[in-house]
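Participant: Mind having a look at this structure? Questions to follow.
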Amino acid sequence: MFLIYSHRFTKKYLILCGFWLSPSKPNIAVFLKPLMEQLNKIYNEGFQVEDAEGNEHTIRGMLLMATVDLQAKAICMMMMQYNGGYGCHNCEDPGKSLGRGRRVWPYVGASTLRTHESIVECVHRSVAENKTVMGVKGASAFLMHAPFNMATGFPPDYMHEALMGVMKTLLDLWLSPTNKTKDFYIGRMMSTLNERMQALKVPDTISHRPRSFLVRQHWKASELRSQLLFFSPAIMRDILPTKYYAHYMLLVQGVSKLLGDNISPTDLHHSDLQLDIFRKKFEDLYGEEAQTMNIHLLGHLAHFTRLLGPLWAYSCFGFEGMNGQLRRMLHGTHFVASQITFTTTITPVVHRLGRAMAIRRKQDNVLKLAQRLISHSRRGKTTKLAPGTYAIGKVDPRPITPRVEDAIKDGLQNLGKEVDTLEAQVFHRLELQGFTLYSSEYGKEKSSNNRTVEYRDDQRICFGEVVLFCCTHGENLAVVRSFIEADSPLVNAHDVTDHEVRDALTNDLNRYVVEVIPTERLQAIPISSLYRKCVFVSVVKGDETLNYVCRFPNMVEPE
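No gaps in the numbering here: position 512 of the sequence shown is 511 in numbering that gives the first Met the number 0, and each next residue is one more.
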């Protein structure tokens, strides 16, 4: 049994098993031993729960995986770090030493993957011979938990590897003045790039406003994710030289597929191929020294997606908010451990107390306080339209333009309803499956855009901008100004001279980032036809403006 993703990383369900307060790192075996003992007890003995009918059941569990960054992974697995020989924890590639503690990982094609058995064998040899064997330095504390698989239990974390690793490396290569003599250097276009970034109006699903490339060293992982998935394919299109842009789009496509909420075997195959070609060509384009461990780990992402599911399901993004929660537990510099322990202990008690009071106590200020302490809902006035769909704010008759009225009548006709006179209850904000959509007539969006949507029209994927929402003649409708897809692909295959890169850029290049042309055509569709909110990117290029719609690979991973 698994928690749904929206609950998985909330304070209610995250369990703080331990923390370490010291200037130095702990002995990991000593630190993890109590946790491993508890996990073994849950696995071997289980615990009793009672169902709604009063029947008792024994529940057992086991640890499936541990998601950590590269430095912590080396400590947890008792293996070499990424700058040491055999420092890849997923395969037996030794890498190549450049001296002075530097190591690169040249492309070697398919490498031998580590297995649980091969790691355990290296542990035995390492302990017996008192030396490092194939990167293994000793017995990991995780081996205390018998069902844990050392080979599959430590998946690569795309937040650290693909975003804070590969994406940050690429930005530094492209923009650092130390590379000003290289073909891929685009630092001379910094002002243009910053103008384009600062002109972006993003949806509130993206928590950080786009910031200048000049402060890219301070970008958070979520900002690098937005850059990879949404912004850079549009703003870099006419700035990066074609061979570098085409190569970069292999990374965009490959990672986007592995972040999907519905990944097909074809997606896995294409992603594996694209990331493989990206790694293969990287050294030729950027030099041997840039072929770091993070580039190497791209070759393992598809493998772990096959084993464990999409990259978002086990990334470190979900744990980032825990740092903020820990800070909020502290109200002074003394007795830090006691403060954290007390708050961690009292939180579930408050939840239980609040639920019990709601059953037995009349509504009063004490109950309101308890409910506010345990509630995370910030929704204001809403009207339920359908399961998971709510109108936000007032829903009342408002004047509409003749063009909008004609569009609504046409929409009703498509639904089999002929109307002569139209009375519509209009509203401008909608909550759809947890996401908020605005209309262009809402008028309060100055620096954001929550009105660009993907919708279905007779099974076709379409894009547009919401003008307004309305309820009329028993139907809940959205009036959208439709976009049409431009004929030009993001990468023209005829301009790509490398046939391997050209072949790896599949026909679904426009699957995630689509160049569109806004029209004046208005279309009224059922609100149930709205599929997801999108990112709208507008790029000024000389005398023309190019517009793009960027799709979220999934609708479950929070920003």
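Don't be surprised by glycine CBs; every beta carbon is placed ideally from N, CA and C.
(1) Given a cut-off of 7 Å on the beta-carbon distance, is the pair Pro155 and Gln290 in contact?
(2) Judging by CA-CA distance, which residue of Trp218, His56, Met61, Pro25 is the nearest neighbour of Thr35?
(3) So for Thr518, helix, strand or coil by DSSP?
(4) According to the Cβ coordinates, are Pro93 and Tyr81 closer than 7 Å?
(5) How many angstroms separate the CA atom of His6 from the CA atom of Ala71?
(6) Pick from Glu422, Thr111, Thr241: whose alpha carbon is nearest that of Val495?
(7) By how many angstroms is the C-alpha of His56 removed from the C-alpha of Gly164?
(8) For Ser481, which residues does DSSP report across the bridge?
(9) Looking at the structure shown, is Ala28 part of a helix, part of a strand, or coil, going by DSSP?
(10) With the cut-off set at 7 Å, would you say Gln432 and Gly463 are in Cβ contact?
(11) Counting along the chain, where does the beta strand (DSSP E) carrying Thr382 start and finish?
(12) So what's Phe46 in DSSP terms, helix, strand or just coil?
(13) Classify Trp173: buried if its beta carbon has 16 or more other beta carbons within 10 angstroms, exposed otherwise.
(14) Taking the beta strand (DSSP E) that Glu543 falls in, what are its first and last residues?
(15) Name the DSSP beta bridge partners of Cys87, please?
(16) Counting only the same chain and skipping the five closest in sequence on each side, list residues whose C-beta sits under 7 Å from that of Ser438.
(17) Can you grab the Cα-Cα spacing for the pair Ser110 / Cys90, in whole Å?
(18) Of the residues Leu272, Phe535, Asn193, which one's Cα is nearest the Cα of Asp203?
(19) Thinking just about the alpha-carbon of each residue, which of Met248, Tyr243, Asp456 is nearest to the one in Phe230?
(20) Which term fits Asn322, buried or exposed, when burial requires 16 or more other beta carbons within 10 angstroms of its beta carbon?
(21) Reducing DSSP to helix, strand and coil, say where Pro396 ends up.
(22) Check whether the segment 266-284 touches the segment 501-508, taking contact to mean three or more Cβ pairs, one atom from each stretch, closer than 8 Å.
(23) With distances taken from CA atoms, which of Lys540, His159, Phe277, Cys16 is nearest Asp237?
(24) For the pair the segment 212-226 and the segment 511-525, tell me if three or more CB-CB distances fall below 8 Å.
(25) Taking all protein chains shown into account, do 16 or more other C-beta atoms lie within 10 angstroms of the C-beta of Arg416, making it buried, or fewer, making it exposed?
(26) Can you tell me the Cβ-Cβ gap for Arg124 and Ala150, rounded? I've got them flagged as a contact below 8 Å.
(27) Please tell me whether Leu366 and Leu310 are closer than 7 Å, where the distance is taken between their beta carbons.
(28) Excluding sequence positions up to five away, which residues of its chain have a Cβ less than 7 Å from the Cβ of Leu421?
(29) If we count Cβ pairs, one from each stretch, closer than 8 Å, do we get three or more for the segment 331-346 versus the segment 4-24?
(30) On the three-state DSSP scale, how would you describe Leu296?
(31) Go to Phe168, then tell me how far its alpha helix (DSSP H) extends in each direction, as first and last residue.
(32) Residues in the same chain with beta-carbon distance under 7 Å from Ser255, minus the five sequence neighbours each way, listed in chain order, please.
(33) Have a look at the DSSP bridge pairing and note the partners of Ile391.
(34) What does DSSP give as the partner residues of Asn475 in its beta bridges?
(35) I want to see whether chain D comes within less than 7 Å of Thr471, judged by CB atoms only; does it?
(36) Enumerate in chain order the residues of its own chain whose CB-to-CB distance from Leu306 is below 7 Å, with the five nearest sequence positions on each side excluded.
Facilitator: So, to answer that:
(1) To locate residue 155, count along the sequence shown from 1; it is residue 156. To locate residue 290, count along the sequence shown from 1; it is residue 291. Contact flag unset, no.
(2) Here the question's residue 35 lines up with position 36 in the sequence shown. Position check: residue 35 holds Met in this sequence, whereas Thr was assumed. Checking every option, the nearest Cα to that of Met35 belongs to Met61.
(3) Here residue 518 refers to the residue found at position 519 of the sequence shown. In this structure, Thr518 counts as strand in the three-state DSSP scheme.
(4) The residue labelled residue 93 in the question sits at position 94 within the sequence shown. The residue labelled residue 81 in the question sits at position 82 within the sequence shown. No. Outside cutoff.
(5) Taking the sequence shown and counting its residues from 1, the one referred to as residue 6 is at position 7. Taking the sequence shown and counting its residues from 1, the one referred to as residue 71 is at position 72. Computed Cα separation, rounded: 25 Å.
(6) Looking up residue 495 in the sequence shown gives position 496. Comparing alpha-carbon positions, the option among Glu422, Thr111, Thr241 lying closest to Val495 turns out to be Thr241.
(7) Within the sequence shown, the letter at position 165 stands for residue 164. Within the sequence shown, the letter at position 57 stands for residue 56. In a straight line, the C-alpha of Gly164 is about 45 Å away from that of His56.
(8) Taking the sequence shown and counting its residues from 1, the one referred to as residue 481 is at position 482. Answer is Gly463.
(9) Here residue 28 is taken as the residue at index 29 of the sequence shown, counted from 1. Three-state result, Ala28: helix.
(10) What you label residue 432 is simply residue 433 of the sequence shown in a count that begins at 1. What you label residue 463 is simply residue 464 of the sequence shown in a count that begins at 1. No, the Cβ-Cβ distance between Gln432 and Gly463 is not below 7 Å.
(11) Position 383 of the sequence shown holds residue 382. 381-385 is the span of the beta strand (DSSP E), which, as asked, contains Thr382.
(12) The residue given as residue 46 occupies position 47 in the sequence shown. Reduced to three states, the DSSP call for Phe46 is strand.
(13) For the purposes of this step, residue 173 is identified with residue 174 of the sequence shown, where counting begins at 1. By the neighbour-count rule (16 or more Cβ atoms within 10 Å), Trp173 is buried.
(14) By 1-based counting over the sequence shown, the position of residue 543 is 544. Residues 543-550.
(15) Here the question's residue 87 lines up with position 88 in the sequence shown. Paired residues: none, contrary to the question.
(16) Start at 1 with the first residue of the sequence shown, and residue 438 comes out as number 439. Hits under 7 Å: His427, Arg450, Val465, Val466, Leu467, Phe468.
(17) Stepping through the sequence shown from its first residue, residue 110 is reached at position 111. Stepping through the sequence shown from its first residue, residue 90 is reached at position 91. Taking the straight line from one Cα to the other gives about 6 Å.
(18) Along the sequence shown, one-based indexing puts residue 203 at 204. Among Leu272, Phe535, Asn193, the Cα nearest to that of Asp203 belongs to Phe535.
(19) Translated into the one-based positions of the sequence shown, residue 230 becomes position 231. Minimum Cα distance to Phe230 is reached at Met248.
(20) For the purposes of this step, residue 322 is taken as the residue at position 323 of the sequence shown. Exposed, because fewer than 16 other Cβ atoms sit within 10 Å of the Cβ of Asn322.
(21) What you label residue 396 is simply residue 397 of the sequence shown in a count that begins at 1. DSSP places Pro396 within a strand segment (E or B) once states are collapsed to three.
(22) With the cut-off at 8 Å, the segment 266-284 and the segment 501-508 touch.
(23) The sequence position of residue 237 within the sequence shown is 238, counting from 1. Checked all of Lys540, His159, Phe277, Cys16; the closest Cα to Asp237 is Lys540.
(24) Between the segment 212-226 and the segment 511-525, the count of Cβ pairs shorter than 8 Å is below three; the stretches do not touch.
(25) The residue given as residue 416 occupies position 417 in the sequence shown. At residue 416 the sequence reads Lys, which differs from the Arg that was named. Answer is exposed; the Cβ neighbour count stays below 16.
(26) Taking the first residue of the sequence shown as 1, we reach residue 124 at position 125. Taking the first residue of the sequence shown as 1, we reach residue 150 at position 151. The Cβ separation is near 17 Å, so there is no contact.
(27) Residue 366 sits at position 367 when you count from the first residue of the sequence shown. Residue 310 sits at position 311 when you count from the first residue of the sequence shown. Taking 7 Å as the Cβ cut-off, Leu366 and Leu310 do not qualify as a contacting pair.
(28) The sequence position of residue 421 within the sequence shown is 422, counting from 1. By the criterion of a C-beta distance shorter than 7 Å, Leu421 is surrounded in its chain by Glu404, Ile407, Lys408, Thr471, once the five residues flanking it on both sides are discounted.
(29) yes
(30) Within the sequence shown, residue 296 is the residue found at index 297, counting from 1. Looking at Leu296 - three-state DSSP - the assignment turns out to be helix.
(31) Within the sequence shown, residue 168 is the residue found at index 169, counting from 1. First, the amino acid is wrong: residue 168 is Thr here, not Phe. Thr168 -> alpha helix (DSSP H) spans 167-174.
(32) For the purposes of this step, residue 255 is taken as residue 256 along the sequence shown, with counting starting at 1. Leu228, Tyr511, Pro552, listed in sequence order.
(33) Position 392 of the sequence shown holds residue 391. DSSP lists Thr381, Arg428 as the bridge partner or partners of Ile391.
(34) Taking the sequence shown and counting its residues from 1, one reaches residue 475 at position 476. Answer is Cys470, bridged to Asn475.
(35) In summary, chain D is missing from the structure at hand, where a single protein chain is found.
(36) Residue mapping note: residue 306 aligns to position 307 of the sequence shown, counting from 1. Answer for Leu306: Thr151, listed in chain order.
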